[in-house]
Amino acid sequence: MTPSDILAAPQRRPQPRFAQPVAGDLAVACVAVSPEHNNAQVYEIFSRHRELGSLPVLEDQRPIGLINRGLFLAQISKPFHRELFEKKSCIAFMDKDPLVVDAGVTVDQLALLTVESGEKALADGFLVVDQGRFKGLGYGLDLMRVIAEQQAERNRHIMQSIDYASVIQRSMLSVSAAALTQQLKDACLVWEPRDTVGGDFYQFNAYPEGWFAVVADCTGHGVPGAFLTLIAYSALRQALDRHGPREPALLMAEVNRGIKASLGQSLDQGGSSNDGMDAAFLWFDSATNRLSYAGARTPLMLLRPEQPSVELIDADRLGLGYVDTPVDARWQCRQIELQPGTLLLACTDGLLDQVGGAKTIAFGKRRLREALLRHRALPMQDLGAALMQEFAAYQGEQRRRDDLTLFGFRL
C-alpha cells in the first residue's frame, strides 16, 4: 500500500443542526496512515498539514490508533531519534487505545463516553467508524459546540447547554480533586466559577516521588473562559507527557508555546484575540520536602511555624500565551525548603480583585494575609472555609467579578 492509497485531503464539513445529532455528524474527513507508513512519512505529513492535530492510523480501513502531533514531534526531535525511528512503522508513537465510537452513537452518549475516557479524547479527538470502517475524526471542541446547540434547540434556553458543558468541565476537574484528597491529608481546594462554567482550572497529579499542582486563570469567564481552559489543559497534558513534572518553569514555557500555537497569537500574525493564562506551577519532592515553584502573575503565600507574618513569594510578571509574551519566554523556578507545619496558599485573582467592604475596594493581599494569620491553627479544610466566609462577608451585595480558585496545604 502506498500513501496515495489511503491519504485524503483534510476537509471540515459544516455541522448540521439535527434534533438528535449523532457521532457521524461530527466526523471530519482527514489525512490517515497505515502501519505500512514509516515515521519519516508521518513527519512529512505533519509538515504539510500544519492544521492537523492528530493523525489516525488505519488497517484495512479500520482504526487501530491515533498519533498526537505534539507528542510525535517531541519524540522524533530527540537526539538520534530521527535516525533510529524514521524508517520504522508509525505505530511506534501512536496511542493504541484512542476513543473509537460508532457513527450512530448519539451526542448525549458520546459526551458520556468522552468524559469516561478522560481529557485525552477531548484534546486529541475521537475516531468515528461506520460498520467498523473509519468515517472520520471528531473533535472535542466540535462536540462541546454541538452539545450547546442541541440543548439550545431542545429547551430554547442557552443555560441548558451551559449546564451540560459544566458537567464536562467539573468531570475533568474531579479527577484532580480526587487525587489531591488521596495524596494530601491536610489541604483545601476551592473552585467557584463566576458563571455556570469558568475560566479557572486546577490540576493535581500524584507521583511516587511527590506531586505536581497547577492553579490557573485563563482569560475571561463563562463559556469563552471554559473553551480556553480546554486549550490550556491540553497544552499542559502534552508538556507533562513530554517532560515529566519536576521542572515547573520548563512546563510553563511549553504551555506558553502550546497556547500561542493553538490561538495563532504572535505580534507578527496579527489577529483580534489576545488571550492567555496566569498560573502557579508547583512540584513537591517528598524525599527532600522541597517545593519548586514557577509563577506567571500568580504569587504564593507561605506561613512557616511560629512565623509572625505571611511571606509573599512574587511571581514573574509575564502571562502565558498572550500576544506580547515571546514564544521563547522563560520563567524563573524558585526552590523553597518546607519544614513540617508550613502552610502554603495559591489563589487566582478572582479572590484578590473582588471589590467589597465599606469603601468598595479590592479584597487584596493584605486582607488575605491577615485572615491566614487569624485562622492558622485550623485544619486546612476549616481554614479554607473560614477564608471563604470572610470573603463572602466582604463581597456583601457586590456582584462577583471573576472566577475564583484557591489551593492550600500544610506540610
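In the working numbering, the protein residues as written are 4 to 414.
Cβ coordinates follow ideal geometry from the N, Cα and C atoms, glycine included.
What would DSSP say about residue i, mapped onto helix, strand or coil?
| i | result |
| --- | --- |
| glycine 68 | strand |
| glutamate 314 | strand |
| tyrosine 397 | helix |
| arginine 260 | helix |
| asparagine 292 | coil |
| methionine 4 | In this prediction, methionine 4 has a pLDDT of 41, which is less than 50 and means its spatial position is unreliable; nothing more can be read from the coordinates. |
| glutamine 23 | coil |
| phenylalanine 366 | coil |
| leucine 306 | strand |
| leucine 192 | strand |
| glutamate 62 | strand |
| aspartate 166 | helix |
| threonine 117 | helix |
| threonine 301 | coil |
| aspartate 145 | helix |
| glutamate 358 | Reading off the sequence shown, one finds valine at residue 358, where the question assumed glutamate. Strand. |
| aspartate 98 | strand |
| aspartate 327 | coil |
| arginine 403 | coil |
| serine 265 | helix |
| alanine 458 | In the structure as shown, the chain starts at 4 and stops at 414, and residue 458 therefore has no counterpart that could be examined. |
| aspartate 385 | helix |
| aspartate 111 | helix |
If we call anything under 9 Å between Cβ atoms a contact, is residue i one with residue j?
| i | j | result |
| --- | --- | --- |
| valine 193 | glycine 359 | no |
| phenylalanine 129 | leucine 116 | yes |
| leucine 113 | glycine 141 | yes |
| leucine 315 | lysine 368 | yes |
| alanine 318 | alanine 290 | no |
| leucine 371 | leucine 348 | yes |
| aspartate 198 | valine 218 | no |
| alanine 106 | alanine 26 | yes |
| alanine 168 | glutamine 185 | no |
| arginine 413 | glycine 344 | yes |
| valine 326 | asparagine 259 | no |
| arginine 419 | leucine 321 | Because the chain is modelled from 4 through 414, residue 419 falls outside the range shown and cannot be assessed. |
| serine 80 | histidine 40 | no |
| glutamine 310 | threonine 363 | no |
| glutamine 2 | glycine 261 | What is shown of the chain runs 4 to 414, which leaves residue 2 out entirely. |
So residue i and residue j are in contact, right, with Cβ under 8 Å, and what is the actual spacing, rounded?
| i | j | result |
| --- | --- | --- |
| aspartate 220 | aspartate 281 | 5 Å |
| histidine 122 | tyrosine 236 | The sequence as given places glutamate at residue 122; histidine does not occur at that position. Yes, glutamate 122 and tyrosine 236 are in contact; Cβ-Cβ is about 6 Å, under 8 Å. |
| glutamine 172 | alanine 229 | 6 Å |
| leucine 233 | leucine 144 | 7 Å |
| aspartate 244 | leucine 74 | 6 Å |
| histidine 378 | alanine 361 | Their Cβ separation, rounded to whole angstroms, is 22 Å, which puts histidine 378 and alanine 361 out of contact at 8 Å. |
Can you give the Cα-Cα distance for residue i and residue j, rounded to whole angstroms?
| i | j | result |
| --- | --- | --- |
| serine 50 | alanine 297 | 32 Å |
| threonine 222 | lysine 90 | 43 Å |
| phenylalanine 207 | arginine 337 | 19 Å |
| leucine 146 | glutamate 152 | 10 Å |
| leucine 407 | tyrosine 397 | 15 Å |
| methionine 383 | leucine 266 | 38 Å |
| aspartate 288 | serine 295 | 8 Å |
| valine 132 | cysteine 33 | 13 Å |
| glutamate 422 | aspartate 28 | Given a span of 4 to 414 for the chain in the structure shown, any question on residue 422 remains unanswerable. |
| glutamate 54 | glutamine 134 | 28 Å |
| glycine 68 | phenylalanine 366 | 50 Å |
| glutamine 44 | alanine 216 | 37 Å |
| asparagine 292 | leucine 305 | 14 Å |
| threonine 351 | leucine 409 | 7 Å |
| alanine 95 | aspartate 63 | 18 Å |
| phenylalanine 204 | leucine 176 | 7 Å |
| valine 104 | tyrosine 46 | 27 Å |
| histidine 246 | aspartate 385 | 36 Å |
| glutamate 86 | alanine 238 | 27 Å |
| alanine 181 | alanine 264 | 31 Å |
| aspartate 166 | arginine 148 | 13 Å |
| histidine 224 | aspartate 189 | 30 Å |
| proline 251 | glutamine 23 | 44 Å |
| alanine 30 | valine 108 | 12 Å |
Between which two residues does the alpha helix (DSSP H) containing residue i stretch?
| i | result |
| --- | --- |
| arginine 337 | From DSSP, arginine 337 is part of no alpha helix (DSSP H) but of the beta strand (DSSP E) over 337–340. |
| lysine 138 | Where lysine 138 is concerned, there is no enclosing alpha helix (DSSP H), although the beta strand (DSSP E) it sits in stretches over 136–141. |
| alanine 238 | 225–246 |
| glycine 353 | 352–355 |
| phenylalanine 88 | 84–88 |
| asparagine 42 | 42–51 |
Starting from residue i, trace the beta strand (DSSP E) in both directions and tell me its first and last residue.
| i | result |
| --- | --- |
| leucine 55 | First-last for leucine 55: undefined, no H or E at that position. |
| asparagine 277 | First-last for asparagine 277: undefined, no H or E at that position. |
| glycine 411 | 407–413 |
| valine 34 | Neither: valine 34 is in no beta strand (DSSP E) and is coded neither H nor E. |
| alanine 216 | 213–221 |
| aspartate 105 | 103–105 |
| valine 131 | 129–133 |
| tyrosine 205 | 203–210 |
Taking 8 Å as the cut-off, does the CB of residue i come closer than this to any heavy atom belonging to the ligand ADP?
| i | result |
| --- | --- |
| arginine 260 | Annotation note on the ligand ADP: not contained in the displayed structure, which lists no ligands. |
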